[in-house]
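First residue of the sequence shown? That's 1 in full-length UniProt numbering, and the numbers climb one at a time after it. Here's the structure we're looking at; comments come further down.
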Amino acid sequence: MLIVQIEGNVKHPITLDPTVWIFDDRKILLDEAFQVEHQEAQSESEQEKPWNRDQYQQQLNPPINESIKRFDKKKVLESSYLMPLSYFLPNAEPNEDASKAILHIEQDSKEIDFHDLKTSLLLFALDGKPLTEDGPVHLYFGDGSNKHAPIKGVKKITIQ
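Here's what the structure looks like:
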């Protein structure tokens, strides 16, 4: 299955379906993800908007490419994309005492700091195709420190 579950020390366990993110305007090109200008713009926009569950529920539809032009369609089907996990973590409402996260990978697990999880990016499409072999997602830290060796095959995230 190509889904990712987020559970554990949260108020609402959630399930993510990365296969639909290709149509989401919030996706980021892998080639542009770790450029300094992009990171600064993203952090400024996150600071400006505090998350509010009531406002979110009134705007349930995520930003979706309503009309992908013919030119863009080719680009979408050939590019590699990341999605910031920060768009989805607030929906799970992690408890304030959350300090770490366990990434469940195939038959292993890897523990990371919760702050690193909050700023991480999930690779969900490589060359326009879902990650079927070592997916459903690869986790990249927001600072790009593991951009040459991402955590591959993340199937579930347990927040502790």
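Glycine included, each C-beta is placed from N, C-alpha and C at the ideal position.
| message | Among the candidates LEU30, TRP21, ARG26 and LYS11, whose CA atom is the shortest distance from the CA of HIS148? | response | Your numbering for residue 148 matches position 148 in the sequence shown. Per the Cα distances, LEU30.
| message | Helix, strand or coil, according to DSSP, for GLU32 in the structure here? | response | On the sequence shown, residue 32 is found 32 positions in, with the first residue counted as 1. Helix at GLU32.
| query | To the nearest whole angstrom, what separates the beta carbons of VAL10 and ALA125, a pair I think is in contact under 8 Å? | reply | Counted from its first residue, the sequence shown places residue 10 at position 10. Counted from its first residue, the sequence shown places residue 125 at position 125. No, VAL10 and ALA125 are not in contact; Cβ-Cβ is about 26 Å, not under 8 Å.
| request: Would you tell me roughly how many angstroms separate the C-alpha atoms of LEU123 and LEU117, rounded to the nearest one? | output: Here residue 123 refers to the residue found at position 123 of the sequence shown. Here residue 117 refers to the residue found at position 117 of the sequence shown. Spanning the two alpha carbons is a distance of roughly 14 Å.
| Which stretch, first to last residue, makes up the beta strand (DSSP E) that contains PHE124? | Within the sequence shown, numbered from 1, the residue matching residue 124 stands at position 124. PHE124 -> beta strand (DSSP E) spans 121 to 126.
| query | With DSSP run on the structure shown, which of helix, strand or coil describes SER79? | reply | Taking the first residue of the sequence shown as position 1, residue 79 is located at position 79. Coil.
| Near ALA41, what residues of its chain come up, given a Cβ to Cβ distance below 6 Å and the 5 sequence neighbours on each side ignored? | Against the sequence shown, residue 41 aligns to sequence position 41. The predicted model places ALA41 with a pLDDT of 49, which falls under 50 and marks its position as unreliable; any figure quoted below should be read in that light. If we look at ALA41 and ignore the five residues flanking it on each side, it has no Cβ neighbours.
| What is the rounded straight-line gap between the Cα of PRO84 and the Cα of LYS152? | Your numbering for residue 84 matches position 84 in the sequence shown. Your numbering for residue 152 matches position 152 in the sequence shown. If you take the alpha carbons of PRO84 and LYS152, they lie about 16 Å apart.
| query | From LEU82, LEU77, ASP108 and GLY142, pick the residue whose C-alpha is nearest to that of PHE114; which is it? | reply | The sequence position of residue 114 within the sequence shown is 114, counting from 1. Of the candidates LEU82, LEU77, ASP108 and GLY142, the one whose C-alpha sits nearest the C-alpha of PHE114 is GLY142.
| query | Using DSSP with H/G/I as helix, E/B as strand and the rest coil, what is ALA149? | reply | Against the sequence shown, residue 149 aligns to sequence position 149. In the structure shown, ALA149 sits in coil (DSSP, three-state: anything other than H, G, I, E or B).
| message | For the beta strand (DSSP E) containing LEU16, name the first residue and the last one. | response | Position 16 of the sequence shown holds residue 16. Unbroken beta strand (DSSP E) run through LEU16: 14 to 16.
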